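Chains as they are written, first to last, in the numbering used here: chain B, 22 to 131; chain R, 1352 to 1465. Heads up, the beta-carbon is just placed ideally off N, CA and C, and yes, glycines get one too. Keep in mind that this is a model prediction, so the values were computed, not measured. Report on the following structure.
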Amino acid sequence: LAKTTQPISMDSYEGQEVNITCSHNNIATNDYITWYQQFPSQGPRFIIQGYKTKVTNEVASLFIPADRKSSTLSLPRVSLSDTAVYYCLVGDLTLGRLYFGRGTQLTVWP
Amino acid sequence: DGGITQSPKYLFRKEGQNVTLSCEQNLNHDAMYWYRQDPGQGLRLIYYSQIVNDFQKGDIAEGYSVSREKKESFPLTVTSAQKNPTAFYLCASSKRGISTDTQYFGPGTRLTVL
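As structure tokens, then:
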């Protein structure tokens, strides 16, 4: 099972770009990489998903190098409301192989 | 509004009692999941179901049981065999249960065993 490692916490200021990296050295061929955002006492919310190279949507970008052993979530111009825990999930839903890391607490300061 | 509902939001039980957590979805999703989250920890998969009347154990199924008699419902029972049941329980669903699916999560149930 692909275990993931993320920084425990990060700090940023409003308007800055934030990059959160997740290591997943044992990722399997069929595993996808998905990032979720979680606010206190709520369920996680989907941010972005990728398999390789770069994926971009309206809220974030996801960079995955060729060896897929890590991934970086990029949040452009963060605001106070982006203060949350961000989880990297690696796995294969088809097989029920799903591993959430311990998450990164991002705190955005004014 | 489509979504996932979990009830109740807070639940208290005495040690040794079984308790059932409710999870309902009206998204017409085939797959449903139960996770457990402890303070400062990530989510750990308890059980998942990709189709009605079928479910599979996740990483930490011991002490838990589930049923999937209807597509929209996936209740989780925390039995007295679960050694440390106090936790935040999250239910999720996804459209087909395949790798590219997005999981949609409910608001969670915080269970406290006294």
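List, in order along the chain, the chain R residues whose C-beta lies closer than 9 Å to that of S62/B? Here residue 62/B refers to the residue found at position 41 of the first sequence. K1360, F1439, P1458, G1459, R1461, listed in chain order.
With DSSP run on the structure shown, which of helix, strand or coil describes T115/B? Residue mapping note: residue 115/B aligns to position 94 of the first sequence, counting from 1. Under the three-state reduction of DSSP, T115/B is assigned to helix.
Cβ-based burial, D88/B [other Cβ within 10 Å; buried from 16]: Counting from one through the first sequence, the residue named residue 88/B turns up at place 67. Exposed is the call here.
Counting only C-beta atoms, is D127/B closer than 8 Å to chain R at any point? Numbered from its first residue, the first sequence carries residue 127/B at position 106. Going by the sequence as given, residue 127/B is Leu instead of Asp. Under the 8 Å criterion on CB atoms, L127/B is classed as non-interfacial with respect to chain R.
For Y107/B, would you say it is in contact with chain R, using Cβ-to-Cβ distances shorter than 8 Å as the test? For the purposes of this step, residue 107/B is identified with residue 86 of the first sequence, where counting begins at 1. Any Cβ of chain R closer than 8 Å to the Cβ of Y107/B would place that residue at the interface, and such an atom is absent.
Output needed for Y1361/R: all residues of its chain with C-beta closer than 7 Å, excluding positions within five of it in sequence on either side, in chain order. The count along the second sequence starts at 1 and reaches residue 1361/R at position 10. Shown here for Y1361/R: same chain residues with a beta carbon closer than 7 Å to its own, the five before and five after excluded, namely R1461 in chain order.
Can you pull the DSSP bridge partners for N40/B? The residue you call residue 40/B lines up with position 19 of the first sequence. Paired residue(s): S95/B.
For Y53/B, which residues in chain R fall below 8 Å Cβ to Cβ? On the first sequence, residue 53/B is found 32 positions in, with the first residue counted as 1. In chain order: S1450, T1451.
Beta-ladder partner(s) of S59/B, from DSSP: In the first sequence, the residue the question calls residue 59/B occupies position 38. Here the sequence assigns Gln to residue 59/B, which means Ser is not the residue at that position. DSSP output for Q59/B lists V106/B as bridge partner(s).
Does the segment 65-77 of chain B touch the segment 1444-1457 of chain R, meaning 3 or more C-beta pairs lie closer than 8 Å? A contact exists between the segment 1444-1457 of chain R and the segment 65-77 of chain B.
Who pairs with D1405/R in a beta bridge, going by DSSP? As a working note, residue 1405/R is residue 54 in the second sequence. Looking at the DSSP assignment, D1405/R forms a beta bridge with I1402/R.
N-terminal and C-terminal residue of the beta strand (DSSP E) that A1382/R is part of: Taking the first residue of the second sequence as 1, we reach residue 1382/R at position 31. Start and end: 1382-1388.
Proximal chain B residues relative to G1393/R, where beta-carbon distance stays under 7 Å: As a first step, residue 1393/R must be located in the second sequence, where it is residue number 42. Those are Y108, F121, G122, R123, G124, listed as they occur along chain B.
Can the beta-carbon of G122/B be found closer than 8 Å to that of Q27/B? Locating residue 122/B in the first sequence gives position 101, where the first residue counts as 1. Locating residue 27/B in the first sequence gives position 6, where the first residue counts as 1. Yes. Within cutoff.
Go through its chain and collect everything with a Cβ distance to S44/B's Cβ below 8 Å, but skip five positions before and after it. Locating residue 44/B in the first sequence gives position 23, where the first residue counts as 1. Setting aside the 5 residues that flank it on each side, S44/B is surrounded in the same chain by T25, T26, Q27, K90, S91, each with a C-beta closer than 8 Å to its C-beta; the list follows chain order.
Looking at the strands, I want to know which residues DSSP matches up with F67/B. Counting from 1 along the first sequence, the entry for residue 67/B is found at position 46. BP columns for F67/B point to Y57/B.
Mind pulling the chain R residues with CB within less than 9 Å of L83/B? What you label residue 83/B is simply residue 62 of the first sequence in a count that begins at 1. L83/B does not reach chain R, its nearest Cβ partner there being about 14 Å away, counting only Cβ pairs nearer than 9 Å.
Give me the residue from Y1440/R, D1381/R, V1429/R, T1430/R with the minimum Cα distance to Y1457/R. Locating residue 1457/R in the second sequence gives position 106, where the first residue counts as 1. It is worth fixing the name first, because residue 1457/R is Gly in this sequence and not Tyr. Selected option, being the one with the closest Cα: Y1440/R.
Does the beta-carbon of V50/B have 16 or more other beta-carbons within 10 angstroms, so that it is buried, or is it exposed? Here residue 50/B refers to the residue found at position 29 of the first sequence. Note on residue identity: the sequence assigns Thr, not Val, to residue 50/B. Classification for T50/B: exposed.
Skipping 5 residues on each side, what residues in its chain have a beta carbon closer than 6 Å to that of T1430/R? Along the second sequence, one-based indexing puts residue 1430/R at 79. Contacts found: N1369, G1414.
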